[in-house]
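So the structure is just underneath, and the comments pick up after that.
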Amino acid sequence: MHNMEKYFDVSYIWNSLPILLPFLKVTFVVAGLSIIFGTFFGLILAMMKLGKSKIAQKLANFYITILRCTPSIVLLFLVYYGVPALADNFGLYLHDLNTAVFVVITFTLQFAAIMAEVIRSAYESIEKGQFEAAVSVGLSPFQAYRRIIFPQALVVALPNFGNGLIALLQEGSLAYTIGLIDIVGKANLIIAANYNTHALEIFIALALVYWILSILIEKFFGKLEKVFSKGKHTINTN
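In C-alpha cells:
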C-alpha cells in the first residue's frame, strides 16, 4: 500500500488530459474518413450480396469472411507493408506516404465488411410485401425505397452502426503501432518522456477519454433511433 501511495500520482491523470485531448482531432479525422469510405464500400458489398449475380455474391461473401477473420493489428501491418510493396511492382513509390493514409485504408476495409452485413440484415428485416404495396398505390420504385423501405431499414441499422462506430474508434487505437501520433500515440510519447514512469495514470486518462466517447456515441445513436422510430413509415400489405 505504501508503494502504491508513493508511485501512483492522481495528478498525472488530470495533468495529462489537456495534453492528450488536442490529439483527438487526429483520431476523429482518421475514424471519420474510415466511416465515410467504409460505409460507401459496405453499401456496394451489400448490394452485391443482395443482387442476383452468384459471382458477385461469392466475391462479397469471400471478402467479408476474410476481413472479419483478420485481426485489426494484422490487417494494419498487411496494409502498411503490403500496399507500398505492391505499388513498387507498378513503379509507384508509396513508402513515404503519411501514416494516416494506411490507417484509413485499413479501417475502411474493415468497416466496409461490418457495414455490408449491417445494411444487408437491415434491408432483409423489412417485409418484402411493403415495396410491392407502395408501388401498387402509385409510388415509383425510387419513392418506395426512399419513403418506405429506407426509413425502416435505417431504424434497424442504427444500433449496429453505432456499435460498429464504437468498435472502429477502439480498434483505431492500434494505429500508434505504425507510428500515427493520435491520442494513443501521444499517450505513449508522454510515457516514454517520463522514462516509463506513471504509465498507469496516463492510461487511466486515456481510458477515461474512450469511456466518455463511447457513452456519448451510444446515447446519441439511442436518441437517433427514437427519432427515426417515431417517423418511420409502413404500408399495410394485408
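Counted from 1, the sequence shown has number 158 at position 156 by this note's numbering; the numbering is strictly sequential. Where a beta carbon is used, it is the ideal one built from N, C-alpha and C, also for glycine. For clarity, every value in this text was computed on a predicted model and none was experimentally measured.
Top-ranked residue by Cα proximity to residue i, from the options
{"i": "Lys-2", "options": "Leu-94, Arg-122, Gln-154", "result": "It is not possible to answer for residue 2, since the shown part of the chain is limited to 3 through 240."}
{"i": "Phe-10", "options": "Asn-198, Ile-214, Phe-30, Leu-191", "result": "Asn-198"}
{"i": "Ile-150", "options": "Ala-136, Pro-161, Ala-159, Asn-162", "result": "Ala-136"}
{"i": "Tyr-14", "options": "Leu-226, Ile-217, Leu-208", "result": "Leu-208"}
{"i": "Ile-107", "options": "Pro-24, Tyr-95, Asn-196, Leu-170", "result": "Leu-170"}
{"i": "Phe-222", "options": "Met-50, Pro-161, Ser-74", "result": "Pro-161"}
{"i": "Thr-67", "options": "Ile-128, Ile-116, Phe-163", "result": "Ile-116"}
{"i": "Lys-232", "options": "Ile-193, Ser-36, Val-158", "result": "Val-158"}
{"i": "Ser-36", "options": "Glu-126, Gly-174, Phe-92, Gly-164", "result": "Gly-174"}
{"i": "Ser-216", "options": "Ala-177, Ala-195, His-200, Gln-172", "result": "Gln-172"}
{"i": "Ile-185", "options": "Trp-16, Val-12, Phe-25", "result": "Phe-25"}
Cβ neighbours of residue i in the same chain (closer than 6 Å, five flanking residues each side left out)
{"i": "Leu-156", "result": "Phe-230"}
{"i": "Phe-39", "result": "Thr-110"}
{"i": "Ile-206", "result": "Ile-15"}
First and last residue of the uninterrupted alpha helix (DSSP H) at residue i
{"i": "Ser-123", "result": "101-126"}
{"i": "Gly-34", "result": "26-52"}
{"i": "Gly-164", "result": "152-173"}
{"i": "Arg-70", "result": "56-71"}
{"i": "Asn-17", "result": "13-22"}
{"i": "Phe-92", "result": "Looking at the DSSP string, Phe-92 is not in any alpha helix (DSSP H), and its letter there is neither H nor E."}
{"i": "Glu-134", "result": "131-138"}
{"i": "Leu-191", "result": "185-195"}
{"i": "Phe-10", "result": "Phe-10 -> no alpha helix (DSSP H), and no H or E assigned at all."}
{"i": "Ala-177", "result": "That residue, Ala-177, is in no alpha helix (DSSP H); it is neither H nor E in DSSP."}
Alpha-carbon to alpha-carbon, residue j and residue i
{"i": "Asn-190", "j": "Ser-142", "result": "56 Å"}
{"i": "Lys-60", "j": "Phe-133", "result": "26 Å"}
{"i": "Leu-167", "j": "Pro-20", "result": "25 Å"}
{"i": "Ala-33", "j": "Ser-138", "result": "42 Å"}
{"i": "Arg-148", "j": "Val-211", "result": "37 Å"}
{"i": "Leu-77", "j": "Gly-84", "result": "10 Å"}
{"i": "Leu-99", "j": "Ala-146", "result": "45 Å"}
{"i": "Ala-102", "j": "Lys-27", "result": "12 Å"}
{"i": "Leu-22", "j": "Phe-30", "result": "13 Å"}
{"i": "Lys-51", "j": "Ser-18", "result": "47 Å"}
{"i": "Phe-79", "j": "Leu-69", "result": "14 Å"}
{"i": "Ala-127", "j": "Ile-183", "result": "The question names Ala, yet the displayed sequence has Ser at residue 127. Spanning the two alpha carbons is a distance of roughly 41 Å."}
{"i": "Asn-226", "j": "Asn-196", "result": "In the sequence under discussion, the amino acid at residue 226 is Leu, which differs from the Asn named in the question. Their backbone Cα atoms lie some 43 Å apart in a straight line."}
{"i": "Lys-188", "j": "His-97", "result": "23 Å"}
{"i": "Arg-122", "j": "Ala-58", "result": "14 Å"}
{"i": "Val-120", "j": "Phe-152", "result": "13 Å"}
{"i": "Ile-75", "j": "Ala-87", "result": "18 Å"}
{"i": "Trp-1", "j": "Phe-163", "result": "Only positions 3 to 240 of the chain appear in the structure, and residue 1 is not among them; the question remains open."}
{"i": "Lys-56", "j": "Leu-218", "result": "41 Å"}
Own chain residues within Cβ distance below 7 Å of residue i, not counting five before or after
{"i": "Val-81", "result": "Phe-104, Ile-107, Thr-108"}
{"i": "Ala-114", "result": "Gly-40, Phe-43, Gly-44, Leu-47"}
{"i": "His-200", "result": "Asp-11, Tyr-14"}
Residues of its chain near residue i, where Cβ-Cβ distance is below 8 Å and the 5 sequence neighbours each way are ignored
{"i": "Leu-202", "result": "Phe-10"}
{"i": "Tyr-95", "result": "Pro-86, Ala-89"}
Cβ distance (whole Å) where residue i is taken to contact residue j below 8 Å
{"i": "Ala-177", "j": "Ala-118", "result": "So it is not a contact: roughly 23 Å between Cβ atoms."}
{"i": "Ile-192", "j": "Ile-204", "result": "5 Å"}
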